[in-house]
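Chains as they are written, first to last, in this note's numbering: chain A, 2 to 322; chain B, 120 to 655. Only one structure is covered here, and it is reproduced in the block below.
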Amino acid sequence: MTAQSLSLAALWGACILYAIAMFGYSIRLAREADVRTQAKRLVTAGGPAEDAAPAAASGSEKLPKSAVKALGIARSATTVGFVLNAIGVAARGVEAKHVPWSDMYEYTITGAMIAVGVFLIVQRKRDVTFLGAGVVGLATLALGLGLAVLYDEAKSLPPALQSIWLIIHVSIATICTGIFAVAFIVTALQLLKDYRDSGTSRTEWTRGRALRFLEAVPTPAVLEALAFRLIAVGFVLWTFTVMAGAIWAEHAWGRYWGWDPKEVWSFVIWVIYAAYLHARTTQGWAGRKSAYLALVGFAALIINFTLVNFVFQGLHTYANG
Amino acid sequence: MARVKIDNYALPEAPRLGLRGWLRWIWRQVTSMRVALILLLLLALAAIPGSVLPQAPREPAKAAQFLQNNGWWGQFLQKAGFLDVYGSAWFTAIYVLLFASLIGCIIPRCFAHYREMRAPVSAAPTKLDRYELRAQGEASGAPGDSVGLVAKALRPNPGFWGAFTGYRVRVDERKGGAVALAAEKGHIRELGNLIFHVSLVGILICVGFGAAFTYRGQAIIVEGRSFTNSVVAYDSFESGRLFSEDRLEPFTLRLDEFHSQFSLGGRPESFAADVTLTEPGRDAREATIKVNSPLKVSGASIYLQGNGYALDLTFTDAAGNVAFSGPVIFLPQDAAYTSTGVLKVPDVSTGEQVGIKATLLPTAVGEGTEFISLHPDPTNPVIVFTAYTGDLGLDDGIPQNVYKLDETHLSPVRGEDGQQAVMVLTPGQTIELPEDAGTLTWNDTVRYAALDLRADPSLPFLLAFSITALLGLALSLFGARRRVWVIATPASASGDAGAPATLIQGAVLAPPHDTVKATAELERAMAAVNRQEEDA
Numbered sequence: 002m003t004a005q006s007l008s009l010a011a012l013w014g015a016c017i018l019y020a021i022a023m024f025g026y027s028i029r030l031a032r033e034a035d036v037r038t039q040a041k042r043l044v045t046a047g048g049p050a051e052d053a054a055p056a057a058a059s060g061s062e063k064l065p066k067s068a069v070k071a072l073g074i075a076r077s078a079t080t081v082g083f084v085l086n087a088i089g090v091a092a093r094g095v096e097a098k099h100v101p102w103s104d105m106y107e108y109t110i111t112g113a114m115i116a117v118g119v120f121l122i123v124q125r126k127r128d129v130t131f132l133g134a135g136v137v138g139l140a141t142l143a144l145g146l147g148l149a150v151l152y153d154e155a156k157s158l159p160p161a162l163q164s165i166w167l168i169i170h171v172s173i174a175t176i177c178t179g180i181f182a183v184a185f186i187v188t189a190l191q192l193l194k195d196y197r198d199s200g201t202s203r204t205e206w207t208r209g210r211a212l213r214f215l216e217a218v219p220t221p222a223v224l225e226a227l228a229f230r231l232i233a234v235g236f237v238l239w240t241f242t243v244m245a246g247a248i249w250a251e252h253a254w255g256r257y258w259g260w261d262p263k264e265v266w267s268f269v270i271w272v273i274y275a276a277y278l279h280a281r282t283t284q285g286w287a288g289r290k291s292a293y294l295a296l297v298g299f300a301a302l303i304i305n306f307t308l309v310n311f312v313f314q315g316l317h318t319y320a321n322g
Numbered sequence: 120m121a122r123v124k125i126d127n128y129a130l131p132e133a134p135r136l137g138l139r140g141w142l143r144w145i146w147r148q149v150t151s152m153r154v155a156l157i158l159l160l161l162l163a164l165a166a167i168p169g170s171v172l173p174q175a176p177r178e179p180a181k182a183a184q185f186l187q188n189n190g191w192w193g194q195f196l197q198k199a200g201f202l203d204v205y206g207s208a209w210f211t212a213i214y215v216l217l218f219a220s221l222i223g224c225i226i227p228r229c230f231a232h233y234r235e236m237r238a239p240v241s242a243a244p245t246k247l248d249r250y251e252l253r254a255q256g257e258a259s260g261a262p263g264d265s266v267g268l269v270a271k272a273l274r275p276n277p278g279f280w281g282a283f284t285g286y287r288v289r290v291d292e293r294k295g296g297a298v299a300l301a302a303e304k305g306h307i308r309e310l311g312n313l314i315f316h317v318s319l320v321g322i323l324i325c326v327g328f329g330a331a332f333t334y335r336g337q338a339i340i341v342e343g344r345s346f347t348n349s350v351v352a353y354d355s356f357e358s359g360r361l362f363s364e365d366r367l368e369p370f371t372l373r374l375d376e377f378h379s380q381f382s383l384g385g386r387p388e389s390f391a392a393d394v395t396l397t398e399p400g401r402d403a404r405e406a407t408i409k410v411n412s413p414l415k416v417s418g419a420s421i422y423l424q425g426n427g428y429a430l431d432l433t434f435t436d437a438a439g440n441v442a443f444s445g446p447v448i449f450l451p452q453d454a455a456y457t458s459t460g461v462l463k464v465p466d467v468s469t470g471e472q473v474g475i476k477a478t479l480l481p482t483a484v485g486e487g488t489e490f491i492s493l494h495p496d497p498t499n500p501v502i503v504f505t506a507y508t509g510d511l512g513l514d515d516g517i518p519q520n521v522y523k524l525d526e527t528h529l530s531p532v533r534g535e536d537g538q539q540a541v542m543v544l545t546p547g548q549t550i551e552l553p554e555d556a557g558t559l560t561w562n563d564t565v566r567y568a569a570l571d572l573r574a575d576p577s578l579p580f581l582l583a584f585s586i587t588a589l590l591g592l593a594l595s596l597f598g599a600r601r602r603v604w605v606i607a608t609p610a611s612a613s614g615d616a617g618a619p620a621t622l623i624q625g626a627v628l629a630p631p632h633d634t635v636k637a638t639a640e641l642e643r644a645m646a647a648v649n650r651q652e653e654d655a
């Protein structure tokens with residue numbers, strides 16, 4: 002078995018396992034939400050409130066067996082998928098004889114691995130089952146798109162990329178993308194949950210059956226705190242990415258900052274997340290408005306990865322090279 | 120002088136702000152967090168057009184092309200600064216205001232933080248019952264000694280640095296012999312925050328300072344030839360306002376050999392320029408310049424920015440005199456190094472001046488005069504060229520682009536069929552031009568390297584500020600914020616042997632994500648009481 006076929010097989014395997022995990026996490030979330038909704042109804046209907054209240058709080062005890070099983074399947078599929086993802090990334094590195102993040106395909110498969118890795122790390126410390134479906138869903142999408150659309154044969158590194166900074170600058174950028182992706186899902190959940198709980202007519206759509214899984218999601222305040230922790234880590238690493246990029250640019254191109262499209266967007270992302278950090282502590286901006294900023298920051302990150310690579314011409318155009 | 124009327128006099132009864140009042144109001148607005156936030160968002164928004172539209176400082180040719188293609192719309196965009204976003208008045212205004220806001224915010228906070236660091240920690244609450252994270256213990260020593268041990272555990276270093284690494288501690292004696300300790304940690308967050316923002320100001324100052332003193336020159340050197348570092352020797356040279364030519368050390372750089380390596384598919388794998396550097400008063404030394412490893416020379420760096428082929432050509436005029444002989448630079452136009460070059464021959468002994476436009480194909484495949492290049496290596500090099508006679512326009516005294524032929528006063532050299540003659544030449548070959556215009560010989564093919572020399576004295580400072588900014592940022596976001604209280608009360612004297620002399624109660628306050636570690640720290644600090652006992 003060559004490194005190339007091993008890499009592809011492992012990555013497709015990871016993609017499928019992530020998809021299975023996504024279903025597992027979704028089923029679990031839906032069941033848990035059902036139980037909580039029922040408990041809520043019992044309380045509001047004047048039923049045995051003493052009995053229902055603890056169930057609403059802990060939830061898991063009264064879950065049907067299928068929900069427990071679904072979570073088990075989801076967790077093992079995620080873990081095995083992550084291992085396969087890592088094997089696929091490593092085999093790609095062996096095949097290409099350089100770090101596996103030199104083009105868009107490699108960046109995508111590595112980024113998916115990091116996002117799932119971040120989720121697994123956070124999961125060890127606290128219960129973030131509600132994030133599972135979103136994170137592995139995003140990873141499925143990334144791996145699928147990477148394999149089907151972005152795939153490019155492994156190539157030797159062009160002289161411009163032959164530098165220790167490729168290892169430092171791009172790896173940290175990939176880690177940031179993974180962290181910001183998880184934070185994006187947390188923030189999106191926070192806003193949806195907030196809409197569902199607040200009750201204005203404009204946010205009526207969040208109270209439909211399709212979004213009933215939100216019943217199983219923690220309060221907006223808890224989600225906000227988690228998103229902030231993630232974005233704080235991501236922001237420090239992004240600052241480092243931009244600085245390392247400037248040092249590399251100084252080595253390779255003879256200027257540390259030249260407003261190349263990639264540099265522009267990296268700057269824009271940095272400024273947006275900086276605004277987010279300020280908004281959190283500003284009256285009138287904390288809560289929803291700062292959450293919007295976090296979403297905008299992630300959108301800019303995606304633009305930096307897609308539009309800037311494909312549409313805008315710049316020195317960072319390694320997308321199809 | 121009449122009083123400046125800036126207040127709203129529509130309401131005669133309203134109190135007047137006056138000029139000073141208004142200035143203070145404006146300053147308050149500028150330094151408010153809300154305005155800073157809006158400025159940040161504006162900055163992000165304002166930066167975006169620069170990634171979409173061609174920027175004149177970065178790519179002047181594309182910007183000029185854009186202007187030509189877009190008529191009044193292009194003119195409008197240029198006038199509004201959209202073709203030089205990062206030098207435009209509005210972009211500058213945003214970041215200058217942002218930094219004004221930042222400085223206005225940071226200076227008072229620096230003083231406030233200094234005062235806060237010197238102010239005593241606020242005393243422990245009377246009772247600790249209402250805190251969630253509590254611990255209890257007992258000690259055989261007196262309350263004062265026990266609390267002393269806890270304080271030492273919380274702040275191992277009593278000196279100045281202890282305030283940065285550990286807790287700030289306060290101990291109070293209470294009525295009835297109890298001793299209360301209050302300790303807090305978290306000032307390091309604000310300190311990091313201040314360091315970060317001050318470093319940002321430092322970075323901005325460095326960038327401005329660097330822009331004033333920097334210089335940058337570009338030169339193309341053909342293999343075997345030398346270049347002497349002086350402003351006139353560069354093909355293009357830019358420098359900041361405060362740059363002086365005396366700073367250019369007159370070293371000499373010779374390109375000994377240029378190596379390039381391409382994959383079978385034509386992708387570049389390695390570029391390296393072997394050079395010999397002769398600095399005044401020093402022995403010559405050899406060095407290799409690569410894309411990611413510039414050569415450092417007396418405060419400047421020399422970067423390898425490009426490469427290509429130079430053809431050694433000889434042009435003999437109609438009278439048989441050599442009118443030109445030497446290397447002609449061909450600029451690569453694509454990945455297969457299909458390159459274009461121009462030969463201008465003004466010094467002909469008879470007849471009109473001659474200009475030649477040529478395309479080099481390093482690995483040519485094709486027939487007649489139609490070729491394409493398959494690979495950048497010179498496996499089967501061919502040039503396809505056309506010739507012109509007339510006035511090259513070099514005598515006007517206006518500087519010309521050496522890579523372009525000004526055809527306004529030139530007429531094409533035609534073949535027997537009356538069409539412009541397209542000729543093909545291979546290495547070592549000599550070809551006679553129609554119309555008795557002369558002969559062209561291709562003697563040799565050599566490589567050239569395009570080198571950039573750049574110096575920016577601000578770089579070390581910029582790096583230093585970047586590092587402090589990063590450290591400050593990490594401190595401000597990850598520094599733990601905890602408050603610890605420990606109250607030691609003398610146990611009621613029961614007289615039993617072995618009964619503890621002191622009861623110790625502790626509590627800690629920490630943000631939700633930190634509760635586990637904070638509790639562990641409280642317990643560790645309280646355990647210090649008994650550890651001492653074992654030692655004794």
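Each residue gets a CB set at the ideal place from its N, CA and C atoms; glycine is no exception.
Is residue i helix, strand or coil by DSSP?
{"i": "A/F83", "result": "helix"}
{"i": "B/I502", "result": "strand"}
{"i": "B/G418", "result": "coil"}
{"i": "A/A328", "result": "Only positions 2 to 322 of chain A appear in this structure, which leaves residue 328 of chain A out of reach."}
{"i": "B/M236", "result": "helix"}
{"i": "B/Y250", "result": "coil"}
{"i": "A/S8", "result": "helix"}
{"i": "B/G285", "result": "coil"}
{"i": "A/I176", "result": "helix"}
{"i": "B/D515", "result": "helix"}
{"i": "B/H306", "result": "helix"}
{"i": "B/T469", "result": "coil"}
Report yes or no: is there a C-beta of chain A within less than 7 Å of the C-beta of residue i?
{"i": "B/H632", "result": "yes"}
{"i": "B/S410", "result": "Sequence inspection shows Val at residue 410 of chain B; the Ser mentioned does not correspond to that position. Chain A, which has a Cβ nearer than 7 Å to the Cβ of B/V410, makes this yes."}
{"i": "B/A655", "result": "Its pLDDT being 45, under 50, B/A655 is placed unreliably by the model, and nothing is read from it."}
{"i": "B/Y422", "result": "yes"}
{"i": "B/S417", "result": "no"}
{"i": "B/D571", "result": "yes"}
Compare the C-beta of residue i against all C-beta atoms of chain B and say whether one is closer than 7 Å.
{"i": "A/Q5", "result": "no"}
{"i": "A/A276", "result": "yes"}
{"i": "A/F181", "result": "no"}
{"i": "A/I273", "result": "yes"}
{"i": "A/A58", "result": "Residue confidence for A/A58 is low, a pLDDT of 44 falling below 50, so the modelled location carries little weight; the figure read from the coordinates is stated next. With 7 Å as the cut-off, A/A58 does not count as an interface residue toward chain B."}
{"i": "A/T80", "result": "no"}
Quick one: measure Cβ to Cβ for residue i and residue j, integer angstroms, because I've assumed they're closer than 8 Å.
{"i": "A/A134", "j": "A/A113", "result": "About 15 Å; that fails the 8 Å criterion."}
{"i": "B/A301", "j": "B/V240", "result": "5 Å"}
{"i": "B/G427", "j": "B/Y567", "result": "6 Å"}
{"i": "A/E33", "j": "A/A68", "result": "6 Å"}
Check distances from the C-beta atoms of the region 289-305 of chain A to those of chain B and list, in chain order, the residues that come in under 7 Å. none
For the region 114-125 of chain A, which residues have a CB atom closer than 8 Å to at least one CB atom of chain B, in sequence order? none
Given a limit of 9 Å on CB to CB distance, which residues of the region 244-270 of chain A reach chain B? M244, A247, I248, W249, E251, H252, A253, W254, G255, R256, Y257, W258, G259, W260, D261, P262, K263, E264, V265, W266, F268, V269 and I270
Closer than 7 Å, Cβ to any Cβ of chain A: which residues of the region 303-330 of chain B, in chain order? none
At a Cβ cut of 8 Å, what residues of the region 208-222 of chain B count as close to chain A, listed as they run along the chain? none
Does the region 105-120 of chain A come within contact of the region 169-185 of chain A, defined as at least 3 CB pairs closer than 8 Å? yes
Count Cβ pairs between the region 405-415 of chain B and the region 239-256 of chain A that sit closer than 8 Å; are there 3 or more? yes
Anything in the region 196-226 of chain A with a Cβ closer than 7 Å to a Cβ of chain B? List those residues in chain order, please. A226
Within 7 Å of chain B by C-beta, residues of the region 139-165 of chain A in sequence order: K156, S157, P159, P160, A161, Q163 and S164
Can you list, in chain order, the residues of the region 137-169 of chain B whose Cβ is nearer than 7 Å to any Cβ on chain A? M152, R153, A155, L156, L159, L160, L162, A163, A166, I167 and G169
So, does the region 225-239 of chain B touch the region 587-605 of chain B, judging by three or more C-beta pairs under 8 Å? no
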